[in-house]
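First up is the structure itself, then whatever we jot down about it.
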Amino acid sequence: MDYTKPLPLVTDLNRPHWEGARRREFLVQQCASCGHRWFPPLPNCNRCLSTDYRWTPVKGTGKVYSFIVYYQAWLEGFKQELPYNVALIELDEGLRVVNNVVGVGSDELRIGMPVRVAYDEVSPEVVIPRFVPADT
Ligand code: ZN
């Protein structure tokens, strides 16, 4: 089946993250000055504003910090998945990332639920990190 959702827009800034996903690594930026980690990609540290950063892998485990459930598809490609969630995941390293928790019904999703990253190969070139319950 063709993938009908929007694909990531790969830029010079975020390319290391998407290349890491193809290797099944979840890479985030880490400040070389203060050690802060963040995702999504930014050109500078959002704590100390340094532009000196490196890409570093995180374990890809964490817990659901918050979430919302969509009952309306704003994009055609999401219609078949209604209702679906958009979740704020707090990674074990402390940073929070926006993603989806798949493999669990929206009525079963809970704040504090342990989750882990899972890689969704949507095409031979594109692998999108998503999250699943940690015990699956
Ligand atoms: Zn910093």
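Residue numbers (the numbering used here): 385 to 520.
Here a beta-carbon is modelled for each residue, glycine too, at the ideal position from N, C-alpha and C.
This one's a predicted model, so the numbers in the text were calculated from it and none came from an experiment.
Does DSSP put G461 in a helix, in a strand, or in coil?
-> In the sequence shown, residue 461 corresponds to position 77, counting from 1. Looking at G461 - three-state DSSP - the assignment turns out to be helix.
Give the secondary structure of G446 by DSSP, where H, G and I count as helix, E and B as strand, and everything else as coil.
-> Here the question's residue 446 lines up with position 62 in the sequence shown. The answer is strand: DSSP assigns G446 an E or B state.
Beta-carbon gap between I473 and V453 smaller than 8 Å = Within the sequence shown, numbered from 1, the residue matching residue 473 stands at position 89. Within the sequence shown, numbered from 1, the residue matching residue 453 stands at position 69. Taking 8 Å as the Cβ cut-off, I473 and V453 do not qualify as a contacting pair.
Grab me the residues of D503's own chain with a C-beta within less than 8 Å of its C-beta, minus the 5 sequence neighbours each way, in chain order.
-> Here residue 503 refers to the residue found at position 119 when the sequence shown is read from its first residue. The question names Asp, but residue 503 is Tyr in the sequence shown. Answer for Y503: A405, R408, V511, I512, P513 and R514, listed in chain order.
When the Cα of D386 is compared with those of P508, V516, I495 and P517, which residue comes out closest?
-> Position 2 of the sequence shown holds residue 386. Looking at the Cα atoms, P508 is the closest of the given residues.
Would you kindly work out how many angstroms separate the C-alpha atoms of F462 and F451, rounded to a whole number?
-> Within the sequence shown, numbered from 1, the residue matching residue 462 stands at position 78. Within the sequence shown, numbered from 1, the residue matching residue 451 stands at position 67. Cα-Cα distance, rounded: 17 Å.
At least three beta-carbon pairs within less than 8 Å, the stretch 390-402 to the stretch 491-500 = no
Unbroken stretches of the beta strand (DSSP E), 3 residues or longer, contained in the stretch 389-431 = 410-415
Return the first residue and the last residue of the beta strand (DSSP E) that N469 is part of.
-> On the sequence shown, position 85 is the one that residue 469 refers to. First-last of the beta strand (DSSP E) with N469: Y468 to L475.
Which residues mark the beginning and the end of the beta strand (DSSP E) in which N483 is found?
-> The residue given as residue 483 occupies position 99 in the sequence shown. Looking at the DSSP string, the run of the beta strand (DSSP E) that includes N483 is R480 to N483.
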